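For reference, the structure discussed in these notes is given below.
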Amino acid sequence: MAHRRLSLVLLVVLAATRLAAQGKGPKKYAVSNDGALVVTKEVLVKQGYEVVRVENSGRDYIVWYRRGNRGRGKGKGAPVRMVIHRTEDRVVFLSAPSAVLVDIDVRLKL
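Each residue of the sequence shown is one higher than the one before, counting from 3 in this note's numbering.
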């Protein structure tokens, strides 16, 4: 009985590992760095974030943003960074929250 449970658990872990290995990594977009930056700023502002600053670091744009107080008067959130990385002819978003990345994806595919 214990051997059967052990083999069942092993089978489930093996299947989950294989499914997790199927990911293709971050999405890549065929747009310019400037176009990706403009769309990112618009999406962040639309979702209630405040863009603090944008740094140009070689092939990357580092966008610092934070959550606004949303009219509650409780102050603003801590600054968080998102990286827009340029690879050959594509743009890759790193460290982006999924809710923001979905809107960016929709805007860049139009």
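In this text, a Cβ means the ideal position worked out from N, Cα and C, and glycines have one as well. This structure is a prediction, so every number in the text was calculated from the model and none was measured.
- By the C-beta density criterion, ALA38 is buried, having at least 16 other C-beta atoms within 10 angstroms.
- LEU46 counts as buried, since no fewer than 16 other beta carbons sit within 10 angstroms of its beta carbon.
- Per the DSSP secondary-structure output, VAL94 pairs in a beta bridge with LYS30 and HIS87.
- In this structure, DSSP gives ASN35 a helical state, which the three-state scheme calls helix.
- Within the same chain, GLU57, ARG83 and VAL85 come within 6 Å of ILE64 by CB-CB distance, once the 5 residues on both sides are set aside.
- Between LYS78 and ARG69, the gap from beta carbon to beta carbon is short of 8 Å.
- In the three-state reduction of the DSSP assignment, ARG68 falls in the strand class, which pools E and B.
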